[in-house]
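What follows is the structure, encoded as C-alpha cells:
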C-alpha cells in the first residue's frame, strides 16, 4: 500500500470529502485550524479599529464582544456548512463553490457586524453597497479556501510523525526481516541456545554414565544419580531464558517521549531539507498574497481610483516577485525560501509605504496612525500561511525521500531493535518451554521412576528409566523443530486440541492453499495465540476465524469471538508478552484488537505477507 | 472404601505412564490417562472422576490451567492437582491466580516420592461434596 493510500485510510470521516483543486492540491475538507486562522485574521482588524481614534474602556469591551460574537457566528455557520456538505455526500468541491460559500458566510457575518455595531453605538464602515459586495466576495474567495488548505497542510505536518511511524514501520520491518543480518542473527541466537543446552545435558549424561556403567552400579549409586538429575543448572537456564522476555512498555511516558524525539528529529530534518529542495508553489504564493491583501485594500480604501491603482500595483509586484522566487529556486539559490519571505514582506509593505510617502491619495493603510504596523501584522500572517502552504508540499517531498535522511538511521536502528527483541522473545520462550516442558519433565519423571524401581527392587526398571533419560540428554533438541504442514492441516492441528473448550468455525480462502511456500507454521502460531487469548482472557466459548488472500502477496486473518472482555494489553502493541511478539513478528505490527460493544464481539485483524521468510 | 477415581492429563508419554503406574500401585483408580484435553473433557462428562492430575505444559493447544478450568465447568467439585516443571518466580503468581479455586500446585521435581502426589490428590478431594 502506498503512502497516499494509507493517508486516505487515516483521515477521519469528515475529511473524506475531498475539496478543491486549488493549485493542484487535493486537500481534505479540514477546518480544524479555522478558529485559529479566523482569530489571527481578526487581530489586524481590531488593531486598526483601535488605532483609528482614542476610545474609552467601554468602547474596547463592546468592540471585543462584537468581534468575538462575529467570530463565533462565522465558525457556527461554517460548521453547519461543513455538516451539510458531508451529509450531501459531495465527493469534491471546486474552488469556485468554496469561494462562493466563503463569500456567503462572510456576507452574513458582515451584515451581522454592521447592524450589531449600529445598535451598540460602534462606528461602521462607510462604503457603498457595491464596494461592500465586491470586497466581501474577494475576501470570501480568500479566507475559506486558504483556511481549508492551510488546515490540511498544518495537520499534515503535525501528523507526519505518526504517519511516518505507521506507514514506514511495517515497511522497515519487512525489509529488515528479509535482510541477511537479521536471518544470520536469528540463526546465531538459536545456535547459541542449543549449544549451551548441549553442553549442560551432555555433562549430565557423562556424569550419569560414570555413576551407572552397569545395572549393579546403577542400583548402588541411585541416590548419587538422582542428585545429578536434580541439578539446578537446567532449571536456571530455562528461567534465564524466560527472564529475558521483556518488551519495552510502549505506553510509558519515557518510551513515548524517546520515540517522539526520534521521529521529530527525522521530521524536522525531512521538512528542512524538503524546504530547501522543493519549489515554493507559485500558484499558492500568488493566490494568498494577492487575494488576502487586495480584498482588505478594497474594504479599507475609500478612493476608487487609488484602490484600482493599488490593485494593479500589488498585482504587478506579486507577479514579478513570484517570477523572481521561481527563478531563484531554478538557479538553486541557497535559502531561497527566506528570499521568498523577504519578497513577501516587500510585496505587502512596499505599496503602503510608497503610497504613503509619494502619493498620499487616500490609502487607508498608510494614513491611519501606525498603519504600517497593521500591514506588518497582516504580512506576517500571510507569511505564516505561505510557510504552512509550503509545509504541505515539503511534507510530501519528505515522505517520499524519507530513506535518504541522515536522522532516519536512528529511527531505523530503533525499529530494528524492536524486531530483534520480538524475535529474541519468541526464541527464548520456545526454548524455555522446550527445556522445562520436555527435558525437565523427563528428568523429574526419571527421578520418580528410579525411586519406584528402587522401592520395588526392580533392576530392569532402573535401567529403563536411565535409558530413557540418556536418550533425552544426548538429543536435547529432538522435537524442538516442527515439520512443515499445509495450511488446512496446520490450522486443523491448532484448533483440534481446543475441542470441548471452544467452538470454532474456520473459513480458509481456497486461493491460499495454492500458494507455494506459505508461512503455515507462523499462521498456525498466530491462530494458536488468538484462540488462547479468546479462552484465557476473554472466556470466549465460540470463535469464527477467516483467513483470506487479499492480494499483493498478503493475507488477512480475522477472528471474531464472543469474549466477555479484552485482554489487558489489547490495542497496546507495546504491552503484553510473548503473544504480542508473535503478532508483531508475524505481521510487522499490522494487527489490531477491538471490541464491538453493539454486537458483543471481539474482533482481531492481522495482515501478513504470504511469503515465507522464516528461518 | 472405594479407590479414588482420577484422571491424568500429561503430554509426555513416558511421564504419563510412569505416573499412571505409580498411582495405580498406590491404590488409586486411574480412569483415564491421556495427552488430549478434549478427550479428558469428554470423558469427565460421562465418568465424573473425583480428581485430575494435570501437567501445565501440554504442548500445542490448551495448557493445564485451561484444562483445569474446563473440568471445573463440567464438575465444580473435581479436585485439581496441577504439575509443572516450570518455575519462574515472576510468572508464578499469574499462573496460580488463573487456577480454579481449591486447586493444588506441584513442581515436578519436588515429586521425588509418589506419596507427595498422592497426598496432594487426597487434599484436593477432602472437602468434595
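Residue numbers (this note's numbering), protein chains in the order written: chain A, 109 to 723; chain B, 15 to 143.
Each residue gets a CB set at the ideal place from its N, CA and C atoms; glycine is no exception.
- Going by C-alpha positions, residue 718 (chain A) is about 12 angstroms away from residue 282 (chain A).
- For residue 84 (chain B), the chain A residues whose Cβ falls inside 8 angstroms of its Cβ are 608, 609, in order along the chain.
- Straight-line spacing of the CA atoms in residue 644 (chain A) and residue 59 (chain B) works out to 21 angstroms.
- Cβ-Cβ separation between residue 66 (chain B) and residue 23 (chain B): approximately 7 angstroms, consistent with a contact (criterion under 8 angstroms).
- With contacts defined by Cβ atoms closer than 9 angstroms, residue 142 (chain A) and residue 180 (chain A) do not form a contacting pair.
- Membership of residue 550 (chain A) in the alpha helix (DSSP H) is indicated by the continuous run 548-563.
- For the pair residue 336 (chain A) and residue 86 (chain B), the Cα-to-Cα distance works out to about 38 angstroms.
- Around residue 350 (chain A), the same chain offers 540 as residues with beta carbons nearer than 6 angstroms, after the five sequence neighbours per side are excluded.
- Under a criterion of Cβ atoms nearer than 9 angstroms, no residue of chain B is adjacent to residue 304 (chain A); the nearest Cβ is some 18 angstroms distant.
- With the criterion set as a beta carbon lying under 7 angstroms from some beta carbon of chain B, the members of the segment 573-595 of chain A are 576, in sequence order.
- Rounded to the nearest whole angstrom, the CA to CA distance from residue 627 (chain A) to residue 318 (chain A) is 45 angstroms.
- Judged by beta-carbon spacing, residue 595 (chain A) lies beyond the 9 angstroms limit of residue 690 (chain A), meaning their Cβ atoms are not closer than that value.
- Look at residue 89 (chain B): its C-beta is not under 9 angstroms from any C-beta on chain A.
- By the Cβ test, the segment 598-615 of chain A is not in contact with the segment 569-584 of chain A, since fewer than three Cβ pairs between them sit closer than 8 angstroms.
- According to DSSP, residue pairing for residue 177 (chain A) in a beta bridge does not occur.
- Interface residue (Cβ-Cβ distance to chain A less than 9 angstroms): residue 44 (chain B) is not classified as such.
- Straight across, the Cα-Cα distance linking residue 624 (chain A) with residue 658 (chain A) is about 16 angstroms.
- Under the 10 Å beta carbon count, residue 546 (chain A) is surrounded by 16 or more other beta carbons and is classified as buried.
- Contact annotation, residue 635 (chain A) with residue 653 (chain A): C-beta distance approximately 7 angstroms; criterion of less than 8 angstroms satisfied.
- Per DSSP, reduced to three states, the secondary structure at residue 670 (chain A) is coil, with no helix or strand assignment.
- Every unbroken stretch of the alpha helix (DSSP H) spanning 4 or more residues and falling wholly within the segment 36-76 of chain B is given here in chain order: 51-61.
- Annotation: Cβ neighbours of residue 125 (chain B) in chain A (cutoff 7 angstroms, chain order): 552, 556.
- Interface flag for residue 328 (chain A) against chain B is unset, since no Cβ pair is found closer than 9 angstroms.
- In the three-state reduction of the DSSP assignment, residue 166 (chain A) falls in the helix class.
- The Cβ atoms of residue 655 (chain A) and residue 614 (chain A) lie closer than 9 angstroms to each other.
- Taking a cut-off of 8 angstroms on C-beta distances, the segment 70-78 of chain B touches the segment 601-610 of chain A, as three or more cross pairs fall below it.
- Straight-line measurement puts the Cα of residue 194 (chain A) at about 31 angstroms from the Cα of residue 240 (chain A).
- Under the Cβ criterion (8 angstroms, minimum of three pairs), the segment 525-533 of chain A does not count as touching the segment 330-346 of chain A.
- With a 10 Å radius around the Cβ and a threshold of 16 neighbouring Cβ atoms, residue 253 (chain A) comes out buried.
- Your pair residue 54 (chain B) and residue 25 (chain B) does not check out as a contact, with CB atoms roughly 12 angstroms apart and the cut at 8 angstroms.
- Of all residues in the segment 639-672 of chain A, only 640, 643, 644 come within less than 8 angstroms of chain B when Cβ atoms are compared, listed by chain position.
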